[in-house]
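Trainee: With our numbering, the residue at position 16 of the sequence shown is 18, and numbering never jumps. Beta carbons are placed, not taken as given, at the ideal position from N, Cα and C, and that holds for glycine. One structure coming up, written as structure tokens, with questions to follow.
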Amino acid sequence: MDMAKLTHGLNIGLERHGETIFLSLKIIGTLSHEDYTRIIPIIESAICNLKHPQVNVLIDADELTGLELRAAWDDLKIGLKHNNDFGKIAIYGHKKLQAIMVKMTSWFISGEAKYFEDKTAALNWLFD
Numbered sequence: 003m004d005m006a007k008l009t010h011g012l013n014i015g016l017e018r019h020g021e022t023i024f025l026s027l028k029i030i031g032t033l034s035h036e037d038y039t040r041i042i043p044i045i046e047s048a049i050c051n052l053k054h055p056q057v058n059v060l061i062d063a064d065e066l067t068g069l070e071l072r073a074a075w076d077d078l079k080i081g082l083k084h085n086n087d088f089g090k091i092a093i094y095g096h097k098k099l100q101a102i103m104v105k106m107t108s109w110f111i112s113g114e115a116k117y118f119e120d121k122t123a124a125l126n127w128l129f130d
């Protein structure tokens, strides 16, 4: 598949190690409400039987071009609902939008959120 022609895509990866969940998201194009209808059930299914889950997230937003208003609302809702479940959220990208997303995310979770322009640094921080 020619990635240059792909205008929208979402790749979701999930690993579980005991009570810790590692979620990776690769977003291409505009993040939509439909994307959240896929993401939210995956997160909730992964943590539903855990007493003290910790979800660490890598968001590869390097090819993110925008965010639908309804997707922003979905993000707020999941952040509020699972506030204590998020440990670290690393957003990787090269645009001012991603840095703003980190600031917004950090308002609604008890864990940490950081913006990175280097993917390796983001991964190192998540697994530190």
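Considering just the uninterrupted stretch of the alpha helix (DSSP H) at GLU46, what are its terminal residues?
Mentor: Numbered from 1 along the sequence shown, position 44 holds the residue referred to as residue 46. It spans 35 to 49 - the alpha helix (DSSP H) in which GLU46 sits, taken as one unbroken run.
Trainee: Counting only runs that start and end within the region 75 to 126, where is the beta strand (DSSP E) found for 3 or more residues in a row?
Mentor: Listed in chain order, the complete beta strand (DSSP E) runs (minimum 3 residues) inside the region 75 to 126 are 88 to 94 and 114 to 118.
Trainee: Quick one: using the 10 Å Cβ neighbour count with 16 as the cut-off for buried, is LYS53 buried or exposed?
Mentor: Position 51 of the sequence shown, counted from the start, is the residue given in the question as residue 53. Classification of LYS53: exposed, given that the 10 Å Cβ count is below 16.
Trainee: Beta-carbon separation of ARG18 and ALA48 under 8 Å?
Mentor: On the sequence shown, position 16 is the one that residue 18 refers to. On the sequence shown, position 46 is the one that residue 48 refers to. In this structure, ALA48 lies closer than 8 Å to ARG18 by Cβ.
Trainee: Pull up the CB-CB distance for LEU128 and LYS90, whole angstroms please, since I reckon it's below 8 Å.
Mentor: Counted from its first residue, the sequence shown places residue 128 at position 126. Counted from its first residue, the sequence shown places residue 90 at position 88. Going by Cβ atoms, the distance from LEU128 to LYS90 rounds to 5 Å, so yes, they are a contact pair.
Trainee: LYS28 bridges to which residues according to DSSP?
Mentor: Here residue 28 refers to the residue found at position 26 when the sequence shown is read from its first residue. Answer by DSSP bridge pairing, in chain order: ASN13 and ASP62.
Trainee: By Cβ distance below 6 Å, which residues in the same chain neighbour ALA115 in space, the five residues on each side in sequence not counted?
Mentor: Numbered from its first residue, the sequence shown carries residue 115 at position 113. Taken in chain order, the residues that qualify are ILE91, VAL104, THR107 and SER108.
Trainee: Grouping DSSP H, G and I as helix and E and B as strand, with all else coil, what is LEU69?
Mentor: Position 67 of the sequence shown holds residue 69. If DSSP states are grouped into helix, strand and coil, LEU69 belongs with the strands.
Trainee: Report yes if the C-beta distance between PHE110 and ASN85 is below 8 Å; otherwise report no.
Mentor: As a position in the sequence shown, residue 110 is number 108, starting the count at 1. As a position in the sequence shown, residue 85 is number 83, starting the count at 1. Result yes, Cβ atoms of PHE110 and ASN85 sit closer than 8 Å.
Trainee: State the beta-bridge partners of HIS19 as determined by DSSP.
Mentor: Translated into positions along the sequence shown, residue 19 becomes position 17. In DSSP, HIS19 forms a bridge with THR22.
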